[in-house]
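Q:
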Amino acid sequence: MNPAPNLILVGPTGAGKTSIGKRVAERFGLVFVDADQAIVDRTGASIASLFEHVGEAGFREREKATLHDLLAGHGQLVSTGGGAVLDADNRIQMKQRGYVVYLQVSVEAQLKRLGRCTNRPLLQRPDREQVLHDMAMRREPLYREIADLTLDTDGLTPPEATARLTQLLAHRWQPIEENA
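If you want it as structure tokens, here you go:
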């Protein structure tokens with residue numbers, strides 16, 4: 001058993017962090033927190049708007065501050081943005097404050113799942129497939145570096161992935177209570 005105060009999902013866009021995360025949080029009695037939504041709530045601006053007005057660097061600063069605050073808590077399942085692992089401090093914080101699950105997905109499955117998605121600023125380009133390959137090349141080693149557990153979600157529906165992940169976590173992760 002690997003005890004940790006939070007469960008943290010990392011992985012590329014389209015891996016199922018939100019859809020699987022909500023189900024897993026419910027099964028374990030955790031509070032589900034979508035880090036990207038927390039950024040939107042804090043700033044009052046959409047992710048796309050933040051990228052447009054402050055650029056990726058400005059967005060990443062806000063992401064880092066939000067993640068730091070979220071991970072100070074406990075009893076949560078935190079679904080991170082796909083690029084949260086790019087920052088070394090974020091990776092350290094995730095390892096210290098949670099049991100990290102890497103939801104893996106192929107670029108081919110990402111393309112199918114994302115369809116005509118328009119709310120992901122880094123994918124609003126005609127060469128989406130190449131962008132996804134480039135992101136995977138850069139981010140995959142970082143996901144693996146911090147992962148306590150990896151689950152390949154290719155070919156799995158969210159309920160199937162949830163069942164598999166829940167079973168794995170029951171034997172590998174133990175939530176620890178912290179005094180508030």
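Residue numbering for the sequence shown follows our numbering, starting at 1 and increasing by one per position.
All C-beta atoms in this analysis are idealised placements derived from N, C-alpha and C, irrespective of residue type, glycine included.
(1) Would you call PRO175 buried or exposed, if buried means 16 or more other Cβ atoms sit within 10 Å of its Cβ?
(2) Looking at C-alpha atoms only, which residue of GLN130, LEU169, LYS112 is the closest neighbour of ASP154?
(3) Give the single residue among GLY75, SER106, ALA109, ALA84 whose Cα lies nearest to the Cα of TYR99.
(4) Does GLY44 pass the burial test, meaning 16 or more other C-beta atoms within 10 Å, or should it be called exposed?
(5) In terms of alpha-carbon separation, which member of ALA35, HIS171, GLY29 lies closest to ILE8?
(6) Quick one: is PRO159 buried, meaning 16 or more other Cβ sit within 10 Å of its Cβ, or exposed?
(7) Between the C-alpha atoms of ALA72 and ASP127, what's the straight-line distance to the nearest angstrom?
(8) Span of the alpha helix (DSSP H) holding ASP69?
(9) With a 10 Å radius around its C-beta and 16 neighbouring C-beta atoms as the bar for buried, classify VAL31 as buried or exposed.
(10) If you drop the 5 nearest sequence neighbours on each side, which residues of the same chain put their C-beta closer than 6 Å to that of PHE59?
(11) I believe VAL78 touches LEU70 by the beta-carbon criterion, under 8 Å. Please report the beta-carbon distance rounded to the nearest angstrom.
(12) Tell me PRO175's beta-bridge partners as DSSP assigns them.
(13) Short of 6 Å in beta carbon distance, which residues of its chain neighbour TYR102, apart from the five on each side in sequence? Order them along the chain.
(14) Is it the case that the Cβ atoms of ILE39 and GLU56 are separated by a distance below 8 Å?
(15) So the candidates are GLY16, PRO3, ASN2; which of them puts its Cα closest to the Cα of SER106?
(16) Quick one: residues in its chain with C-beta nearer than 6 Å to the C-beta of THR80, no 5 flanking neighbours on either side, listed in chain order?
(17) Based on DSSP bridge pairs, tell me the residues matched to ASP36.
(18) If we count the other Cβ atoms within 10 Å of its Cβ and call it buried at 16 or more, is ARG97 buried or exposed?
A: So, from the listed chains and residues:
(1) buried
(2) LYS112
(3) GLY75
(4) exposed
(5) Comparing Cα-Cα distances from ILE8 to each of ALA35, HIS171, GLY29, the minimum goes to ALA35.
(6) With a threshold of 16 other beta carbon atoms within 10 Å, PRO159 falls short and is exposed.
(7) Going by the C-alpha atoms only, they are around 38 Å apart.
(8) For ASP69, the enclosing alpha helix (DSSP H) covers residues 47-71.
(9) VAL31 is exposed by the Cβ-count criterion.
(10) Within the same chain, PHE59 has close Cβ partners LEU50, PHE51.
(11) 6 Å
(12) ALA4
(13) VAL10, GLY11, TYR143, ALA147, THR150
(14) no
(15) GLY16
(16) VAL10, ALA35
(17) DSSP, once it has assigned bridges, lists no residue as partnering ASP36.
(18) buried
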